[in-house]
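Peer 1: In my numbering, the protein residues as written are 144 to 234.
Virtual Cβ for every residue (Gly too), placed ideally from N, Cα, C.
To start, I am sharing the structure in question, which I have written as structure tokens.
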């Protein structure tokens with residue numbers, strides 16, 4: 144597993160590999176936005192780290208959190224698109 148990947152365990156115990164798109168901290172809460180590799184589905188979760196440095200994720204509970212992360216994801220994709228356009232112009 145690559146450093147920018149996480150393994151998600153579903154309610155039925157099956158594991159899915161996901162690639163981390165970006166992380167974000169807001170008011171002391173850490174978030175991770177990721178893409179499930181097998182399906183291409185993009186989602187997000189709260190990231191919780193314990194004292195040993197191990198991590199787990201938890202559901203996002205409020206509409207405000209989802210809106211914030213959707214806005215950040217949109218900005219991320221816009222910047223990515225701009226970078227790709229600049230790269231094409233430089234070639």
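Closest by CA to residue 188, which one among 180, 166, 181 and 175?
Peer 2: What you label residue 188 is simply residue 45 of the chain shown in a count that begins at 1. When each option's Cα is compared against that of residue 188, the closest is 175.
Peer 1: Ordered along the chain, which non-local residues of its own chain (more than five positions away) have a Cβ less than 8 Å from that of residue 150?
Peer 2: Along the chain shown, read from residue 1 onward, the residue named residue 150 stands at position 7. Hits under 8 Å: 144, 158, 159, 160 and 161.
Peer 1: Could you tell me which whole beta strand (DSSP E) segments of length 3 or greater appear in the region 178-213?
Peer 2: For the region 178-213, whole beta strand (DSSP E) runs of length 3 or above, ordered along the chain, are 185-192 and 198-201.
Peer 1: Tell me whether residue 167 counts as near the ligand MN, meaning its Cβ is closer than 8 Å to at least one heavy atom of that ligand.
Peer 2: Among the ligands in the structure shown, none appear at all, so the ligand MN cannot be discussed.
Peer 1: Which one of 164, 219, 168 and 199 has the shortest CA to CA distance from residue 185?
Peer 2: Position 42 of the chain shown, counted from the first residue, corresponds to residue 185. Comparing Cα-Cα distances from residue 185 to each of 164, 219, 168 and 199, the minimum goes to 164.
Peer 1: Once you ignore the five residues that flank residue 211 on each side, which residues in its own chain have a CB closer than 7 Å to its CB?
Peer 2: As a position in the chain shown, residue 211 is number 68, starting the count at 1. 169, listed in sequence order.
Peer 1: Measure the alpha-carbon distance for residue 179 versus residue 196 and round it to whole angstroms.
Peer 2: Start at 1 with the first residue of the chain shown, and residue 179 comes out as number 36. Start at 1 with the first residue of the chain shown, and residue 196 comes out as number 53. Distance between the alpha carbons of residue 179 and residue 196 is about 23 Å.
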